[in-house]
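Reviewing the structure listed below.
Structure representation (C-alpha cells):
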C-alpha cells in the first residue's frame, strides 16, 4: 500500500496543474453579491474574512444636507426686513404730517369762519342823558356840591357772542381834574347777541374841595355861556362767550370807557341842568384812565 501511495503522489506531481481544488478557488465578492435583506453597499469597505455577514452600509449625510442650493443669501432677508421697517416708518411719518396739516388747515378755516360769521366787535357805549342837581360851587373856598345822574346805553353788535358784565366803577371829572366817584356796582348785566342794555349811573359830591383850576374853569364856563363840560369814566369787568349749544369763553378782561365833553346847561346861580335832549354822546373804549 505504501508503494501505491507513493506512486500516486509521484504521478500527481508529474501531471500539470490543470484545475485547482474547490478550496483554492476564490470566493465571490460580497460587494457584487450582497447578502439577502441588505441593499447593495456603496462604500468599498474591506470584506470580513471571518464568515460573519458584513455590516449594513453607512449612509452619510449628503453634502449640504437640509440646505436648499437655490436659497437666497441670508443677508438678503435682513436687508429686506430693514427696508420694510424703513418703509413703514416713512409711511407713518407721512400720515402724521398729513394729519397735522389737515388739523392746522381745519383750525385756520374754523378761525376764518368764526371771524367772518361771528366777527367779534367792540361793545359800544353811549350817554343818552346826563344832568346835575343840587349844584353849588363856592369859588372862594373851592367847595363843590352836587348830584350827577347819567343813563348809558350799551350795545353788543357781535353775532353769536354774549357779554357778561359783573362789576363796574364810575368816576366824574372836569377835564382832567377828579370830582367824584360813583363807587363800585356789583350788578350783573348780560348782553346777548345783537342786543342792547341800559346802565344807570349816579355820582355825588357833598361840600368837597375841588382843585382850584377846575373851580376856576367851571366858573368861567358859566359866565361865558352856561355850558359846563364834564367827563365820565368807567371801568368794567366783562366776560365774552360764544356758542349756541354750549358756552365757551372767548375773551375776558377789563373795559375802560371814557365819555368826554358832556356839556350841561348850567348858567350862573342855577342849581340844576342837563344835557340837551337828543344829543347822545358816544364814548370811547381806551386802555387806561
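Residue numbers (the UniProt record's numbering): 1 to 289.
Using N, Cα and C, we set each Cβ at its ideal position, and we do this for glycine too.
What separation, rounded to the nearest whole angstrom, lies between the Cα atoms of residue i and residue j?
i, j, result
"residue 275", "residue 159", "33 Å"
"residue 80", "residue 101", "Note that residue 80 scores a pLDDT of 49, beneath 50, so its modelled location is shaky and nothing firm can be said."
"residue 154", "residue 203", "19 Å"
"residue 92", "residue 105", "20 Å"
"residue 129", "residue 258", "15 Å"
"residue 268", "residue 132", "14 Å"
"residue 205", "residue 281", "23 Å"
"residue 190", "residue 156", "10 Å"
"residue 142", "residue 240", "43 Å"
"residue 200", "residue 152", "6 Å"
"residue 171", "residue 136", "19 Å"
"residue 194", "residue 181", "31 Å"
"residue 146", "residue 110", "53 Å"
Going by alpha carbons, who is nearest to residue i out of the options?
i, options, result
"residue 320", "206, 271, 215, 152", "Residue coverage of the chain in this structure runs from 1 to 289, which leaves residue 320 outside it and unanswerable."
"residue 225", "192, 263, 148", "263"
"residue 285", "228, 238, 122", "122"
"residue 271", "88, 124, 134", "134"
"residue 164", "279, 261, 253", "253"
"residue 261", "255, 174, 273", "174"
"residue 265", "238, 235, 218", "218"
Is it right to say residue i is buried, meaning 16 or more other beta carbons lie within 10 angstroms of its own, or is it exposed?
i, result
"residue 13", "Confidence is the limiting factor: at residue 13 the pLDDT is only 42, short of 50, which leaves the residue's position unreliable, though a coordinate-based value still follows. Residue 13 comes out exposed."
"residue 96", "exposed"
"residue 277", "exposed"
"residue 233", "buried"
"residue 150", "buried"
"residue 179", "buried"
"residue 89", "exposed"
Please confirm whether any heavy atom of the ligand PLP lies closer than 7 Å to the CB of residue i.
i, result
"residue 190", "With respect to the ligand PLP, the structure shown offers nothing to examine, as it has no ligands at all."
Just reading off the beta strand (DSSP E) that residue i is part of, what are its end residues?
i, result
"residue 167", "161 to 174"
"residue 153", "143 to 156"
"residue 234", "227 to 242"
"residue 194", "Careful: residue 194 lies outside any beta strand (DSSP E) and carries neither H nor E."
Could you tell me whether any Cβ in chain B is nearer than 8 Å to the Cβ of residue i?
i, result
"residue 152", "Among the protein chains of the structure shown there is no chain B, as only one such chain exists."
>> Which complete alpha helix (DSSP H) runs does the UniProt region "Disordered" (270 to 289) hold, if anything under 4 residues is left out?
In response: none
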